[in-house]
DNA sequence: CGGGTGTGTTAACGAGCGCTAACCCAGGGG
DNA sequence: CCCCTGGGTTAGCGCTCGTTAACACACCCG
C-alpha cells in the first residue's frame, strides 16, 4: 500500500522498491522526468546510481509503475467510494470530491507527476494509464450526471476535468494547513460542479464583455 | 504582440523569433523542456538545428523569454482589466475570470509550459517570473477580497490558485467547442470563488465523512 | 562450512544533445 | 561592383546520462 492513508500510522517502513518510488516521485515532480538523473534518485535513498537496476528494469519502468499504480488506485478507490454511497447520488458525488481532495493533499508529488509526465511513458504504458484515467473520469461523469441530469455528457466530462484541475492545484499552494485546505477545496469543488446547472443569468450582463 | 488575440485576424505573420517561440511552446508543452531537442524545434519552423542560435543565445533563453513575456502579459493585462472596471468590484472580478479563461483557451501551450516548466529556468529568471506571477496572484486576491471581504488573505490566495487550476485544466479537455468551454469555465470559476464565503452548512453532514 | 541469492559498489561504454566552428550565400547600400 | 550583414548549412566536439559489466560481500539454507 504505497499511498499515505491520510493520518494513519507510518505503516511499517516501505521496503526499497517503494522507498525508491517515493523518492523518484518527489524528484520527478520538482524537476520533471528528464530533469532527474538515475544517480540523484539513488542518492535520495542513500544508495548510489546503478543500484536501482536491482529493483527496476530501467528508468522508464519507475515512471511506468508509479503512474500505473496511482491510476489503478484512483479508479478502484473511486469506484468503491461510489458503491459505498449505495443509491444516494448526492452523497456519492460529495464523497468522491472528498476522496480526491484527500488523495491530492496527501500525495502531491504523484498528482504532479501524473499530470505532467504522462507523455514520458512508452506508448503501451501510456495507453494503459490513459485507459485507467478515462475510466476514473467516467466514474465522475456518471456521479455528476446523476445529481445534475440535465447536463449533457461532454459538458459533464469537461466539468470533471476542470474540477480535477481545481483540486490538483494543491501542489502549488501551501498557504493553509491541511484541514483548512481540504475544506476549502471541497467547498469550491462542490460549488463548481453545481454551477453549470444553474440558470444562465449573468453571463453577458455586467458591463459589456465583448469589447475590451 | 505574440499572443493570439481571441479571434482577431492572423495579424501579419510573426517573424522568425516569434515563430520559433510558438513552435517551441507547443513542443515544450507536449514533451517537456528536456524532452525536446534543438533540432526538433528547428525542424518545426522549417530550418534545421543550430540555425536557432542566430535568434537566441541558447535553449534556456527560449524558455526564459517565453515565460517572462507570458507572465508580464498576464500581470499587465490583469491590472488593466481591473482598472477598466473602475470601482465595480464584482465586475472587476468577473472580467478577470473572463480574461483568464480567454487567455487559457487561446494559449494552451503557454499555460502548460508556464505551469510545468518553471523549474527549468535559471535561478535569476525563475525569481523574475515568480515575482511577476506573485503580483498577478495579488491582483486576483485583491479583486476576490473586495467582493468577499470576510475571506482572510491566505484563503483568498489559496482560492485564487485553485481557480487557476480549474481554468488552466483546459489543455486536458477538448470535448467542447471554444465558446461552450469558455462559458462553462466562467460559470464554474465564478461559483468556485463564491463558495468559500457561503455558510458552512453541509461540510460534515451527508453520511459520516470521518471514517473511510 | 560452503555456495547461492540478493543487493550494493565502481568503471566504462555509447548514444544523444547542446553548442561552436567554419563555411555559404542573398541582397542592398556606398 | 563589392563587401557587409543577416540568416542559413554541415561537421564535429565534449559532456551528460542511461545502461551494462565485473566485482564484493552479507546472509541463509543445506
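Protein chains in written order, with the working numbering: chain A, 1 to 212; chain B, 1001 to 1212. From the three backbone atoms N, C-alpha and C, an ideal C-beta is built for every residue, glycine too. Quantities reported herein were computed from a predicted structural model and do not represent experimental measurements.
- The Cβ atoms of residue 1113 (chain B) and residue 1121 (chain B) lie no closer than 8 Å to each other.
- By the rule that beta-carbons nearer than 8 Å mark a contact, residue 162 (chain A) touches chain B.
- Each residue's CA atom was taken as its position, placing residue 84 (chain A) and residue 92 (chain A) some 8 Å apart.
- Going by C-alpha positions, residue 148 (chain A) is about 12 Å away from residue 190 (chain A).
- One finds 1158, 1162 in chain B with Cβ atoms closer than 9 Å to the Cβ of residue 185 (chain A), taken in chain order.
- Nearest in C-alpha terms to residue 1158 (chain B), of all of A:99, A:156, A:151, A:187, is A:187.
- For residue 1196 (chain B), the closest C-alpha among the options B:1063, B:1087, B:1058, B:1155 is that of B:1155.
- Shown here, residue 1022 (chain B) sits in a helix according to DSSP, grouped into three states.
- Residue state for residue 122 (chain A) is assigned as coil, using DSSP reduced to three classes.
- Following the DSSP letters along the chain, one finds residue 67 (chain A) inside the alpha helix (DSSP H) bounded by residues 59–84.
- Along the region 107–138 of chain A, going in chain order, the ones with a CB nearer than 7 Å to a CB of chain B are 116, 119, 120.
- DSSP, reduced to helix, strand and coil, places residue 34 (chain A) within a helical segment of the structure shown.
- One Cα belongs to residue 75 (chain A), the other to residue 1086 (chain B), and the distance between them is close to 47 Å.
- Of all residues in the region 24–35 of chain A, only 30, 31, 32, 33, 34, 35 come within less than 9 Å of chain B when Cβ atoms are compared, listed by chain position.
- Residue 1080 (chain B) and residue 1164 (chain B) have their alpha carbons spaced roughly 19 Å apart.
- Just so you know, the alpha carbons of residue 20 (chain A) and residue 119 (chain A) end up roughly 21 Å apart.
- Close partners of residue 165 (chain A) in chain B (Cβ separation under 7 Å): 1165, 1166, 1168, 1169.
- Within chain A, the residues whose beta carbon sits less than 7 Å from that of residue 1181 (chain B) are 158, listed in sequence order.
- Taking a 10 Å sphere around the C-beta of residue 198 (chain A), we find fewer than 16 other C-beta atoms and assign the residue as exposed.
- The C-beta separation of residue 41 (chain A) from residue 100 (chain A) comes to about 28 Å, leaving the pair out of contact by the 8 Å criterion.
- Using a 10 angstroms sphere on the CB of residue 48 (chain A), the tally of other CB atoms stays under 16, which defines it as exposed.
- Between the region 1131–1144 of chain B and the region 1053–1062 of chain B, the count of C-beta pairs closer than 8 Å stays below three; the two stretches do not touch.
- Taking 8 Å as the upper bound for CB-CB distance, residue 1173 (chain B) and residue 161 (chain A) are in contact here, some 4 Å apart.
- Inclusion of residue 169 (chain A) and residue 125 (chain A) in the CB contact set at 8 Å is not warranted, their separation being larger than that value.
- In the three-state reduction of the DSSP assignment, residue 94 (chain A) falls in the helix class.
- Within its own chain, the residues whose Cβ lies closer than 7 Å to the Cβ of residue 1097 (chain B), once the five positions on either side in sequence are excluded, are 1186, 1189, 1190, listed in chain order.
- Contact of residue 176 (chain A) with chain B is assigned, a C-beta pair being separated by under 8 Å.
- B:1105 is the residue among B:1137, B:1105, B:1031 whose C-alpha sits nearest the C-alpha of residue 1175 (chain B).
- Contact check for residue 34 (chain A) against residue 1032 (chain B) passes: the beta carbons are separated by less than 8 Å.
- Residue environment for residue 134 (chain A): exposed (fewer than 16 other C-beta atoms within 10 angstroms of its C-beta).
- Interface with chain B (8 Å Cβ-Cβ cutoff): residue 66 (chain A) is excluded.
- Chain order gives the chain B residues near residue 173 (chain A) as 1157, 1158, 1161, 1162, where near means a beta carbon separation below 8 Å.
- When 8 Å is used as the limit between beta carbons, residue 1195 (chain B) is near these residues of chain A: 187, 188, 190, 191, 192, in chain order.
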